[in-house]
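S.K.:
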Amino acid sequence: MYKYFFCLVFLVLAKVVAAQTLFFNKMYQPLPKYNFAESIKSVLVLPDGYLLSGVGSEYPFIPTNAAGWYCFKTDTMGNIVWQKEVIKTSYKYLGGGLLQMPEGYLMYQTIKTFKSDDYGLHLIHIGTNGDVLWEKQIINENLYSSPCSIKHLEDGNLIVAGFTRNWVTEKLSDGYIAKLDTSGSILWEKKYGTAEYSDSFNEVLVLADGSLLMAGRRVSTTGKSQVWVLHTDSLGEKISQKYFGMGVYDAASQIIPAQKGGYWLAGISYPDYTYKSDGDAALWHIDSLLKVDFDTIYPRKGSDSFVGIHENLDGSLHLFGSDGQTDTGNGRLVKLSSNGTVIWDRSYSPDGLINERYDYLWDFAPTPDGGYVLCGQGLHTQSNIQDGWVFKVDSLGNTCFTLNCDSIAYPLGVENSPPLEEQEWFSLSPNPAQQQVTVSLPAPPTTPQQLQVYDATGREVQTHLLTQQQTTISTANLPQGIYYLRLQGHIESVKLVVLR
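The sequence shown begins at 18 in our numbering and counts up by one.
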């Protein structure tokens with residue numbers, strides 16, 4: 018009997034450990050010996066962890082250009098396994114991206130020489146351990162060319178999208194695409210645009226028929242901007258294009274296929290003249306003919322933008338970006354229903370101090386447990402130096418809010434229950450409830466606490482501000498069912514049953 022009980026406990030524990038969701042919230046100094054400020058620009062999810070790439074600068078904050086470039090791999094807990102440094106004192110770097118390759122990974126960057134104002138493409142193909150397989154720079158005299166997106170083609174080659182400009186003879190840029198072979202050599206290149214606008218692509222999609230779809234913006238000489246979507250064949254010959262927007266300055270940062278057909282686009286929309294008002298995070302849906310059939314904004318206080326978008330199997334959407342005012346900002350992650358209704362909307366900072374400093378997100382990726390890993394940059398409270406920032410959330414957007422916190426794991430399937438290491442931060446009475454329920458904190462709050470109420474699908478249905486140790490809230494308008502209550506900034510939640 019004892020042996021049977023022991024085996025049963027072992028099997029249960031093994032199942033719990035095997036199926037778990039991880040939280041972590043960490044900052045990194047990938048280039049510590051150079052005393053750089055860092056920003057992590059890209060993330061890939063690997064079977065045994067994450068691959069991240071970013072840039073570093075000798076200044077407290079990263080300006081337009083950076084002198085260092087790095088890539089590092091972490092385990093699933095966010096601990097660094099290996100790191101690759103690219104320090105070029107004669108170059109500056111902007112942005113940066115990662116692409117999974119049949120063998121290893123491709124790091125890509127916009128590179129600028131100190132000798133001139135020429136900008137071009139820098140590619141480094143690395144193996145799974147960070148070893149360099151090949152490296153290539155494509156810098157043309159008098160050209161300012163910047164890659165913003167690289168994707169695989171069916172023939173094994175690569176397609177690059179971005180913008181280009183002859184900085185000697187031209188004041189405005191053109192949208193640009195180039196086909197590269199597997200060693201980074203250009204097979205062909207094309208540019209698109211008009212003389213009256215500065216045009217650029219932020220994203221390229223390779224469609225099922227081999228044709229290409231690019232999204233970005235066109236900006237007039239007066240500063241007004243529209244979203245620009247261009248469809249070409251596999252050789253870059255134009256098929257169709259559309260311009261659209263909701264305000265006077267609109268731009269798309271990413272485009273993805275939609276399960277219902279057509280495409281989703283995420284970006285920003287300014288209601289008034291460029292940069293003289295706060296921009297709003299924006300979402301569009303276009304049909305297969307590139308016609309807009311849905312557009313809306315998701316404003317917050319300050320200037321907001323969506324940088325990336327992902328569609329889930331049920332048609333719901335996750336979008337990430339940043340929000341904030343002139344001197345402060347936060348990371349942002351939003352979940353929407355398939356028709357664009359907000360399910361929940363979260364703000365993040367490395368230490369949980371929302372609107373205290375300027376923290377920014379550059380990339381995110383879905384993880385096998387239904388959550389996301391997000392990366393960007395944040396400021397240390399004490400040193401005021403900018404470092405790389407990476408954190409992991411579950412499917413509800415929960416994470417731990419202690420800087421460089423240890424990873425927290427709990428079983429899948431009960432992610433609305435307290436983690437195994439945590440205790441409840443409040444209690445509910447009565448539970449089950451009918452018309453009202455009293456929330457009791459363990460002690461009087463020193464600052465107001467926001468209580469979030471979710472239904473069984475994860476939709477946020479109520480929020481309440483708790484200013485006392487005990488607060489009674491109404492449940493009269495809630496349908497009968499199961500709900501989960503959570504204090505903002507904490508990962509644990511308490512189940513509430515409402516009866517009618």
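Glycine residues also receive a C-beta, built at the ideal position from the N, C-alpha and C atoms.
Within the same chain, show all residues whose beta-carbon is closer than 6 Å to that of residue 534, passing over the 5 residues directly before and after it, in chain order.
M.R.: Residue numbering for the chain in the displayed model covers 18 to 517; residue 534 lies beyond these limits and cannot be assessed.
S.K.: Between residue 454 and residue 445, which are expected to be in contact by the criterion C-beta below 8 Å, what is the C-beta distance as a whole number of angstroms?
M.R.: Going by Cβ atoms, the distance from residue 454 to residue 445 rounds to 5 Å, so yes, they are a contact pair.
S.K.: Roughly how many whole angstroms lie between the Cα atoms of residue 153 and residue 181?
M.R.: Those two C-alpha atoms are separated by around 18 Å.
S.K.: Flag this pair as touching only if the segment 166 to 184 and the segment 221 to 239 have three or more C-beta atom pairs under 8 Å; answer yes or no.
M.R.: Taking 8 Å as the limit for Cβ pairs, the verdict is that the segment 221 to 239 does touch the segment 166 to 184.
S.K.: Could you tell me the boundaries of the beta strand (DSSP E) in which residue 165 lies?
M.R.: Segment 160 to 169, the beta strand (DSSP E) holding residue 165.
S.K.: Quick check on the burial criterion: 16 or more other C-beta atoms within 10 angstroms. Buried or exposed for residue 452?
M.R.: Classification for residue 452: exposed.
S.K.: Kindly indicate the opening and closing residues of the beta strand (DSSP E) around residue 277.
M.R.: It is not in any beta strand (DSSP E) - residue 277 carries neither H nor E in the DSSP assignment.
S.K.: Scan the segment 293 to 328 and note each continuous beta strand (DSSP E) run of 3 residues or more that stays entirely inside, going in chain order.
M.R.: Segments of the beta strand (DSSP E) lying fully in the segment 293 to 328: 297 to 303, 309 to 315, 320 to 328.
S.K.: Confirm, please, whether the CB-CB distance from residue 85 to residue 121 is below 8 Å.
M.R.: No, Cβ-Cβ distance for residue 121 and residue 85 is not below 8 Å.
S.K.: Quick check: residue 283 and residue 61, are their CB atoms within less than 8 Å of each other?
M.R.: No. Outside cutoff.
S.K.: Taking contact to mean at least 3 C-beta pairs separated by less than 8 Å, is the segment 291 to 311 in contact with the segment 330 to 344?
M.R.: With a cut-off of 8 Å, the segment 330 to 344 and the segment 291 to 311 count as touching, because enough Cβ pairs lie within range.
S.K.: Where do the ends of the beta strand (DSSP E) carrying residue 86 lie?
M.R.: 85 to 91 is the extent of the beta strand (DSSP E) around residue 86.
S.K.: Assign residue 216 to one of two classes, buried (16 or more other C-beta atoms within 10 Å of its C-beta) or exposed (fewer than that).
M.R.: Buried, because 16 or more other Cβ atoms sit within 10 Å of the Cβ of residue 216.
S.K.: Go through its chain and collect everything with a Cβ distance to residue 484's Cβ below 6 Å, but skip five positions before and after it.
M.R.: 465, listed in sequence order.
S.K.: For residue 186, count the other beta carbons within 10 Å of its own beta carbon; 16 or more makes it buried, fewer makes it exposed. Which is it?
M.R.: Flag for residue 186 reads exposed.
S.K.: So, with DSSP's three-state summary, where would you put residue 242?
M.R.: Correct three-state label for residue 242: strand.
S.K.: Looking only at its chain, what residues have a beta carbon closer than 7 Å to the beta carbon of residue 328, apart from the 5 residues adjacent to it on each side?
M.R.: Taken in chain order, the residues that qualify are 273, 275, 276, 281, 334.
S.K.: Pick helix, strand or coil for residue 145, following the three-state DSSP scheme.
M.R.: Looking at residue 145 - three-state DSSP - the assignment turns out to be coil, as it is neither helix nor strand.
S.K.: Express the C-alpha separation of residue 161 and residue 134 in angstroms, rounding to a whole number.
M.R.: Answer to the nearest angstrom: the Cα atoms are 7 Å apart.
S.K.: Give the range of the beta strand (DSSP E) segment to which residue 376 is assigned.
M.R.: Run containing residue 376: none; DSSP gives neither H nor E here.
S.K.: Which same chain residues end up closer than 6 Å to residue 528 when comparing Cβ atoms and leaving out the 5 residues on each side of it in sequence?
M.R.: Here the chain comprises residues numbered 18 to 517, so residue 528 is not present and cannot be evaluated.
S.K.: So with Cβ pairs under 8 Å, would you call residue 465 a contact of chain B?
M.R.: Annotation note: the requested chain B is absent from the structure, which comprises a single protein chain.
S.K.: Starting from the Cα of residue 356, find the closest Cα among 310, 411, 459, 488 and give me that residue.
M.R.: Ranking the options by Cα distance to residue 356, first place goes to 310.
S.K.: Please determine, among 95, 176, 97, 157, the residue with the shortest C-alpha to C-alpha distance to residue 123.
M.R.: Considering only alpha carbons, the answer is 176.
S.K.: Tell whether a beta-carbon distance below 8 Å holds between residue 233 and residue 195.
M.R.: Contact: no.
S.K.: Exposed or buried, residue 492, counting other C-beta atoms within 10 Å across all chains shown (16 or more means buried)?
M.R.: Counting Cβ neighbours within 10 Å, residue 492 comes out buried, since at least 16 surround it.
S.K.: Please identify the residue among 463, 68, 404, 350 whose C-alpha is closest to the C-alpha of residue 411.
M.R.: Out of 463, 68, 404, 350, 350 has the C-alpha closest to the C-alpha of residue 411.
S.K.: Given this structure, state the Cα-to-Cα distance separating residue 443 from residue 409, to the nearest angstrom.
M.R.: For residue 443 and residue 409, the distance between alpha carbons rounds to 25 Å.
S.K.: Report back the beta-carbon spacing between residue 69 and residue 56 to the nearest angstrom; my notes put them in contact at under 8 Å.
M.R.: Not confirmed; about 11 Å, so no contact.
S.K.: What do you get for residue 352, buried or exposed, if any count of 16 or more other CB atoms within 10 angstroms of its CB means buried?
M.R.: The residue is buried, with at least 16 neighbouring Cβ atoms inside 10 Å.
S.K.: Measure the C-alpha to C-alpha separation of residue 512 and residue 137 and round it to an integer number of angstroms.
M.R.: Going from the Cα of residue 512 to the Cα of residue 137 covers about 55 Å.
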